[in-house]
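In what follows, a structure is listed as structure tokens, so that the remarks can point back to it.
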Amino acid sequence: MTVTTYDLLVVGGGAAGSTAASTASEMHKHVALIEEDKLGGTCLNYGCDPTKTLLHIATILHQSRHAQHYGLEIPPPAINWEQVQTYVQEIITRIRGGSVTEAIGNLKQQGIDVFHHNATFISPNTLKVGDQTLQADKIIIASGTQTSCPSVSGLKELGYITNKEAVVLKQLPAKLAIIGGGPLGIEFAQLLQRFGVEVVVLEHGEQILKKEEPEMIALLRKILSDEGIQIETGVELQRAERADNGKKRLVYQQAQQSRQLEVDEILIASGRIPQLDTLNPAAANLHITEKGITVDATLRTNNPHIWAAGDITGGPRFTHVASDQGRLAAQNAFAAIPKPFTDQPIPWVTYTDPPLAHAGQTEQQLQQAGTNYKVARLTFKENERAITNGRTRGLIKLLVGMDDTILGGHILGDRADDLIAQIILAMRTGITAQFLADTILPYPTLSEVIRWTADRF
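Each residue of the sequence shown is one higher than the one before, counting from 21 in our numbering.
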């Protein structure tokens with residue numbers, strides 16, 4: 021058996037893995053990157069980037085339908101779904117830096133060997149990759165996650181789609197059920213509704229986006245409902261079956277009542293599980309939980325020769341986290357003194373229109389910790405730029421400690437995904453609410469919502 025030896029093997033070519041490989045290459049290490057699907061991972065190919073592109077197009081479509089409000093007479097827009105899909109793929113190619121072949125060529129120019137196969141541990145430092153055997157003293161696992169299908173009788177037999185299929189639909193279904201009211205489900209609900217699909221969201225819990233502030237969710241839910249999206253919470257799915265008319269039927273319990281829903285398609289967005297199907301982590305003696313691979317503060321696993329980064333570690337599943345972890349894992353793998361991953365504050369964004377963003381703690385978390393705090397709120401209808409833009413549905417909420425430092429910031433409103441950066445910077449540097457309130461910002465801008473909220477303390 022011929023064994024090819026590297027300084028570093030990286031399993032997974034998504035945000036974490038690609039960044040790890042490039043970082044190690046910059047350190048003049050001999051690196052192999054192993055990816056069984058498309059380079060760029062879920063975010064680039066099936067998640068963040070295609071959905072944000074579709075959301076942008078859907079927002080343009082939505083705004084054109086309401087142009088009369090501003091005195092503009094615009095004919096109802098026609099949707100060329102095939103052209104929409106072509107545009108989305110063009111955006112993915114641009115972000116990747118070219119076709120998959122060109123991206124692989126770019127990595128090879130960096131001195132990185134790319135293997136388009138799955139990887140399987142056959143010993144703690146050896147991987148079987150296709151018909152080749154690769155070995156390294158240091159390995160980084162960044163294999164990501166995959167959709168978790170709920171255990172519902174008949175669902176697998178009936179058939180469903182996930183985000184992978186949803187971003188490349190050949191045609192739009194007339195009516196769609198989305199199982200799961202997390203960020204993925206809610207984003208797809210709004211974008212597909214705006215493209216003319218009748219959408220029903222079925223959420224098991226009593227609140228969609230359960231990690232967000234309830235008052236933010238109440239307002240967002242009202243916005244979505246006003247657009248025609250049906251959101252059902254407290255749903256207990258019982259079975260899935262084919263109706264006599266050929267449609268897909270979901271039978272569920274809600275408020276102790278048996279209900280049925282017939283749709284053309286079902287989208288699963290109820291959660292994700294670690295992507296470990298072919299990896300055989302037991303051969304590397306890795307400690308695995310239902311959340312993923314266990315790591316310490318420096319991203320090292322219980323096997324001292326192996327690190328893990330990104331979604332596979334079970335932490336916050338964001339590309340911005342994965343990229344930072346991939347870079348740090350590569351640095352730590354060759355460092356005399358490894359550094360810990362600093363995970364606070366991490367921004368969370370749900371890319372609805374308007375977007376919902378937060379950083380830091382919620383009121384519930386502060387209360388559970390027994391932390392004394394103060395609260396200030398400001399609605400977007402109190403901001404002059406929001407008024408001029410006709411985008412006044414929104415709310416900002418700041419949580420401040422008794423020393424006037426920011427403990428948490430929550431924003432639902434136009435450009436919240438960008439505005440949250442002010443909060444993150446304030447939290448990382450210890451800037452106080454008074455400092456924010458005293459900072460002169462350009463008028464009229466949305467950025468002033470943060471200043472004038474801080475001024476209320």
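Cβ atoms here follow ideal geometry from the backbone N, Cα and C, with glycine treated the same way.
Please report the straight-line C-alpha distance between Pro365 and Leu240, rounded to a whole angstrom.
23 Å
Cutoff 8 Å; reference Arg292; Cβ partners in own chain excluding five residues on either side:
Thr165, Gln166, Thr167, Ser168, Asp331, Arg337
Per DSSP, Gly380 is paired with what?
Gly428
Taking all protein chains shown into account, decide if Ala356 is buried (16 or more other Cβ within 10 angstroms of its Cβ) or exposed.
exposed
For Ile198 versus Val219, is the C-beta distance shorter than 8 Å?
yes
Per DSSP, what kind of secondary structure is Gln385 in: helix, strand or coil?
Assignment of Gln385 by DSSP, reduced to helix, strand and coil, places it in the helix class.
What span of residues does the alpha helix (DSSP H) with Ser42 cover, start to end?
35-46
Where Leu270 and Ala289 are concerned, what is the direct C-alpha to C-alpha distance, given to the nearest angstrom?
15 Å
Should Val217 and Pro234 be called a contact, given that it needs their Cβ atoms to be closer than 8 Å?
no
C-alpha gap between Arg435 and Leu445, whole angstroms
17 Å
Report yes or no: do three or more beta-carbon pairs, one from the region 394-412 and one from the region 464-473, lie closer than 8 Å?
Result yes; three or more Cβ-Cβ pairs closer than 8 Å.
Between which two residues does the beta strand (DSSP E) harbouring Ser143 extend?
Residues 139-143.
Could you say which of Gln388, Ala453, Gln345, Ala302 lies nearest to Ala317 if we only look at CA atoms?
Gln345
Skipping 5 residues on each side, what residues in its chain have a beta carbon closer than 8 Å to that of Thr43?
Gly346, Arg347, Ala350, Gln351
Classify Met422: buried if its beta carbon has 16 or more other beta carbons within 10 angstroms, exposed otherwise.
exposed
Exposure label - Gln388; buried when at least 16 CB within 10 Å:
It counts as exposed.
Have a look at the DSSP bridge pairing and note the partners of Gly312.
Thr309
Which residue comes first and which comes last in the beta strand (DSSP E) that contains Arg259?
255-262
Flag this pair as yes or no: are the beta carbons of Ala441 and Ala36 separated by less than 8 Å?
When the beta-carbon positions are compared, Ala441 and Ala36 stay at least 8 Å from each other.
How far does the alpha helix (DSSP H) with Ala289 in it extend, from its first residue to its last?
Taken as a continuous stretch (DSSP letters only), Ala289 belongs to no alpha helix (DSSP H), as it is neither H nor E.
Across the region 201-215 and the region 69-76, are there enough close Cβ pairs to call them in contact, namely three or more that are closer than 8 Å?
By the Cβ criterion, the region 201-215 is in contact with the region 69-76, since at least three pairs of Cβ atoms, one from each stretch, lie closer than 8 Å.
Would a C-beta distance cut-off of 8 Å place Ala41 and Val51 closer than the cut-off?
Contact annotation: Ala41 and Val51 have beta-carbon atoms nearer than 8 Å.
Got a sec? Which residues, its chain only, sit under 6 Å from Ala87 by beta carbon, not counting five neighbours each side?
Ile94
Can you find a C-beta in chain C that's less than 8 Å from the C-beta of Ser45?
Given the protein chain composition of this structure (a single chain), no chain C is represented.
State the CB to CB distance for the pair Gly34 and Thr62, rounded to an integer number of angstroms; the pair is presumed to be in contact (CB under 8 Å).
6 Å
Should Val341 be labelled buried (16 or more other beta-carbon atoms within 10 Å of its own) or exposed?
buried
Can you tell me the Cα-Cα spacing of Gly150 and Asn138, whole angstroms?
Each residue's alpha carbon lies about 7 Å from the other.
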